[in-house]
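Chains as they are written, first to last, in our numbering: chain A, 254 to 789; chain B, 1371 to 1824. We put the CB at the ideal spot given by N, CA and C, even for glycine. The block underneath contains the structure these notes are about, expressed in structure tokens.
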Amino acid sequence: MSLNEKDIDQILEIYPAKVKRSRKKHIIIRDAEQAHQEMEANTRTIPGIITNRGCAYAGCKGVVLGPLKDIVHITHGPVGCGYYSWLTRRNKAKTPEDGKNYLAYCVTTDMQETDIVFGGEKKLAKVIDEVVEIFKPNAITISATCPVGLIGDDINAVAKAAQEKHGLPVMAFSCEGYKGVSQSAGHHIANNGVLEWMVGQGEMTEAPAKYSINMLGEYNIGGDSWEIDRFLREIGYHIIAVATGDGSYEDLKNAHVADLNLVQCHRSINYIAEMLEIKYGTPWLKINFIGVEATVKSLRDMALYFGDKELIEKTEEVIARETARVQPILDQYRKICEGKTAFCFVGGSRGHHYQKLFGDLGIDTVLAGYEFAHRDDYEGRHVIPDIKVDADSKNIPELHVQPDPKFFKLKISPEKAAELKKKIPLSNYPGMNTEMKDGYLIVDDLNHYETEEFIRILKPDIFASGIKDKYIPQKMGIPSKQLHSYDYSGPYAGFNGAVKFAEDITAMFTTPTWNFITPPWKGKPMLEGAMQKEAK
Amino acid sequence: MLNHTPKEVIERKGGLINPAKTCQPIGAMYAALGIHKCLPHSHGSQGCCSYHRMHLTRHFRDPIMASTSSFTEGACVFGGGANLKTAIKNVFAIYNPDVMAIHTTCLTETIGDDIPGFLGQSEVPEGKIVIHANTPSYVGSHVTGFSNMVKGMVNYLSAATTEAKKEQVNIIPGFVNPGDMREIKRLVKAMGINLIMFPDTSGVVDSPMTGKFEMYPKGGTTVPELKDTGNSKMTLALGSFASTDAAIQLERKCKVPARSLKAPIGIKATDEFLMTLRRGLVKEIPYELEEERGQLVDVMTDTHYHFHGKKVAIFGDPDIIIALTEFVLSLGMMPVHVLTGTPGNAFEKEVKAMLLEAGLKGNVKAAGDLFEFHQWIKNEPVDLIIGNTYGKYIARAEDIPFVRVGFPILDRSVHSYMPIVGYKGAMRLVEMISNALLDRQDRDAAEEDFELVM
């Protein structure tokens, strides 16, 4: 069943007038006939609407910085923010030989009332001293929570003094939760810091191997980046740094020498990708390793970028072998999944990526959306110059970078880049909208009320979102898949990930537990009459 | 695993490493879910609401509905009045709860938002109720937040309207699972006593699968019940940290005598709970419960050699841990490290007194963290760790059997349905403790020592 504008109006009818006007602009019924469908995005969340969105701190410390394993991440604030972002995101990491992996540690200044009144700078400095003494990390980050900005603690000054005192990088991120309108503000703030204080701190001037790449916007949830790493290495790529899953300061500091940056999650990392191009001359390629078809296309695009015959051949060899291996397995699962429909509402990029994987299994995504995306994630990067910067975004500092005098090196000629851009998404992301089918829905910042309404009308066979809304459709008898944490499974990326995903999804459809929802006595009479046999 | 935690304890002056507490608002949100048809509302940045809903959902594996004021930088400058008023309007228009329970956050406490003032200017539909509690994240812990929201319920709703007090008891269960709340209600009802439990999250965060999503499930204390708490004969506050403040407030406001007891975890605390009800409401303890008690003593005696003399380290929320320490002592175990993240001298005093009475010396600390707790264990190893999910990292690092009790438990399921309170709950604790120790004995036994009967 599909929806028309009238249906949408009916759904929104319940809203107070102002809310109705606003929400209308965040819902698109895909229509390829129209030259361009604009989506309002990255605007204020409506108070009381029951949003799925989080805050700038969650985007900065939780998403981008948190996975960097050789850094101790200090949360400056009351205990909660550090506590909730401690070990909850499934960004896995292997401990390197030097033992520097601090992901199991949550360090917070645990601000008390006296700190709010008299300031928390001294306490923060003390915590940094203790962290250095106990952990001896490669670097330290400080992430600010709401009260820090309000009381005016100068975390940059504390960081600077600590850096001089201890002789290791101490980086301060002013990612107070009220900044911006969602996690997205935090991504931007973190991106600025990673570029300014981490990348380019190493001494490498040349790529250490042929086909050197960085993997950006890949967080190794459930081990995704290890699966990606497996086939990229086999093809012959040399991965310098991952931002930031299983990543480290040690790796990132030499990220400037890579020949190419891959961008998996566009939303959370595009700032770095763009700035790396300007500062170090390295272009970026939008890839998607979620889904077999998407993975194959991404690998071919990468090979095309380098253009070497040997690399192209090896790429095709690996693709042929891997697809031959996994396709028959997926075909089996497809028999169960084929023809089903999905809702796919996830953070900033998975709402798009997972449609490919659902597609591999014959599942159609009839509603998709992002929690905290910007217009370009929907409409494509060509709209960026037209995006109005409102008061909420203006507060997020824009880093204006220049070509680095020491490390800038054009990795490919402008002519070659122009030519490649015709064939592959080089330094470009065309957005999600163009890949949605006509009549299907695209919803920005989907809220609880709309979730219930759209489920009621469209009756999807599977709902893919996060932990907060997981159990809502499930109570309705609809399988519900967490695509932030993968329901503690994974990896879902690459070839092996597709198989794992298919296995998990199929189990969700076929688990016998759904059969028990209605008690057997429901609708049955309590008294059962028996027909008396007539005496002959 | 936790390889950077040194054995040598150095004195730390600022902050926490691996906290054993979280912030007030999550406790307030949980308490508010224990009101029937209530939508908790977080007045602050939307990340707070998101984090709290995520964490509660992971623990209960059930929908946790709550709304937020979604602060922006502008709201911080101009105050959150406009956001709150908009939120109230939208919540009642779209989600139509009977009650909206607002709690504050560190942001709104720091800027000094005046919630009662804002409420006076808000449009609340007729027949609908808005209550609030101040829950600054930089004071106390999630347990304090729970306590403050329960106090808020009393402030806004409890009323003494009858001349004589009714033959009914108020029970404030503390920050426990719905399975515990159900068990406490069963015990009280078994004595033939009428009760009002508040808050009561049973039937809300352990709602059944019916094929239909209910935004406001059947459970929770109703508004008429909350009002009627002012007419009860007495209030039993189960746990001094989570429940006593509200009971005292109710005594002050409605002259309902308050009694503060331990959370009824373990045999002694359950005995005390039932005897207080017996005296207060003059009702005999029925054979049914005496039988359960006898079964528990039977089990404790049958299996004492599984755990007698074993050293145990316990951490978690103060009310739970105080009672649990008492129970492991009843089992003949030796609690040598006892820690809570929640600040409060009463915790240290009470636990130390119990250890002293048992002739034991141990590390006891309130406002501690798991980094220090781990260091204690490195310096004095134990046979068992009891605590919430976060303890599994220490258990793995030191290869020590681990029993999950408390909040949050994020890596195991079903726990929130199963009580640890009452005699049945105590029996369940004995089973969990015994099994953990015996599983370890089996795992480590040489082939010739591996036994069929234990």
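Let's see if you can read the secondary structure: which residues bound the beta strand (DSSP E) around residue i?
i	result
Phe1757/B	It is Gly, not Phe, that sits at residue 1757/B in the sequence shown. Where Gly1757/B is concerned, the enclosing beta strand (DSSP E) stretches over Leu1754 to Gly1757.
Phe596/A	Thr594 to Val599
Thr1474/B	Val1469 to Thr1474
Ser396/A	Ala392 to Ala397
Lys1681/B	Lys1681 to Phe1685
Ile1542/B	Lys1536 to Ile1542
Does the beta carbon of residue i sit closer than 9 Å to a beta carbon anywhere in chain A?
i	result
Cys1408/B	no
Met1579/B	yes
Asp1432/B	yes
Asn1388/B	yes
Glu1654/B	no
Asn1564/B	no
Ile1396/B	yes
Tyr1763/B	yes
Tyr1338/B	Because chain B in this structure spans residues 1371 to 1824, residue 1338/B falls outside the shown range and cannot be described.
Phe1717/B	no
Phe1583/B	yes
Cys1624/B	no
The alpha helix (DSSP H) that contains residue i, what's its start and end?
i	result
Gln655/A	Looking at the DSSP string, Gln655/A is not in any alpha helix (DSSP H), and its letter there is neither H nor E.
Pro602/A	The sequence given here places Ser at residue 602/A; Pro does not occur at that position. Neither: Ser602/A is in no alpha helix (DSSP H) and is coded neither H nor E.
Asn444/A	Gln436 to Gly446
Val1379/B	It is not in any alpha helix (DSSP H) - Val1379/B carries neither H nor E in the DSSP assignment.
Tyr1421/B	Gln1416 to Phe1430
Tyr1675/B	His1674 to Phe1677
Thr576/A	Lys562 to Cys590
Quick one: is residue i near chain B, going by C-beta distance under 9 Å?
i	result
His440/A	no
Asn445/A	no
Phe790/A	The structure shown does not extend to residue 790/A, since chain A spans only 254 to 789, so no value can be given for it.
Ala309/A	yes
Glu429/A	yes
Ala368/A	Reading off the sequence, residue 368/A comes out as Asp, not Ala. Output row for Asp368/A: interface = yes.
Gly333/A	yes
His701/A	yes
Val316/A	no
Leu377/A	yes
How big is the Cα-Cα spacing for residue i and residue j?
i	j	result
Ile1520/B	Glu429/A	Here residue 1520/B turns out to be Val, not Ile, going by the sequence shown. Val1520/B and Glu429/A: Cα-Cα distance of roughly 29 Å.
Asn768/A	Thr1580/B	11 Å
Gly622/A	Arg276/A	13 Å
Gly747/A	Tyr1763/B	30 Å
Ser396/A	Lys432/A	13 Å
Ala494/A	Asp504/A	5 Å
Ser1589/B	Asp1468/B	This sequence places Gly at residue 1589/B; Ser is not what is there. Rounded to whole angstroms, Gly1589/B to Asp1468/B spans 13 Å at the Cα level.
His1707/B	Val385/A	27 Å
Ala496/A	Leu515/A	10 Å
Lys1407/B	Tyr1400/B	13 Å
Phe1717/B	Ala1736/B	6 Å
Lys379/A	Pro1634/B	41 Å
Ile492/A	Val401/A	37 Å
Glu1801/B	Cys399/A	44 Å
Let me know if residue i comes out buried or exposed under the rule of 16 or more other beta-carbons within 10 Å of its beta-carbon.
i	result
Gly1404/B	buried
Asp1668/B	exposed
Pro765/A	exposed
Ser1507/B	buried
Pro1578/B	exposed
Arg1813/B	exposed
Taking only heavy atoms of the ligand NAD into account, decide whether any of them is closer than 8 Å to the Cβ of residue i.
i	result
Gln580/A	Questions concerning the ligand NAD fall outside what the structure shown contains, since it holds no ligand whatsoever.
### Message
At a CB distance below 9 Å, what residues from the segment 402 to 420 of chain A approach chain B? Give them in sequence order.
### Response
Gly402, Leu403 and Ile404
### Query
Can you list, in chain order, the residues of the segment 1452 to 1467 of chain B whose Cβ is nearer than 8 Å to any Cβ on chain A?
Asn1453, Leu1454, Thr1456, Ala1457, Ile1458, Lys1459, Asn1460, Val1461, Ala1463, Ile1464 and Tyr1465
### Query
What residues in the segment 1488 to 1518 of chain B bring their beta carbon closer than 9 Å to a beta carbon of chain A?
Pro1506, Ser1507, Tyr1508, Val1509, Ser1511 and His1512
#### Entry: Proximal residues, the segment 750 to 778 of chain A versus chain B, C-beta separation under 7 Å
Ile770 and Thr771
### Query
Any residues in the segment 297 to 308 of chain A with a beta carbon nearer than 8 Å to a beta carbon of chain B? Which ones, in chain order?
Arg297, Thr298, Ile299, Pro300, Gly301, Ile302, Ile303, Thr304, Asn305, Arg306, Gly307 and Cys308
### Message
Against chain A, which members of the segment 1517 to 1542 of chain B pass a CB distance test of less than 8 Å?
### Response
none
### Task
Pull out every residue of the segment 493 to 522 of chain A whose Cβ sits closer than 9 Å to any Cβ of chain B, in chain order.
Correct list: empty, as no residue qualifies.
### Query
For the segment 715 to 730 of chain A, which residues have a beta carbon sitting closer than 9 Å to at least one beta carbon of chain B?
Residues are counted here when their Cβ sits less than 9 Å from a Cβ of chain B; for the segment 715 to 730 of chain A these are Gly719, Ile720, Lys721, Asp722, Lys723, Tyr724, Ile725, Pro726, Gln727, Lys728, Met729 and Gly730, given in chain order.
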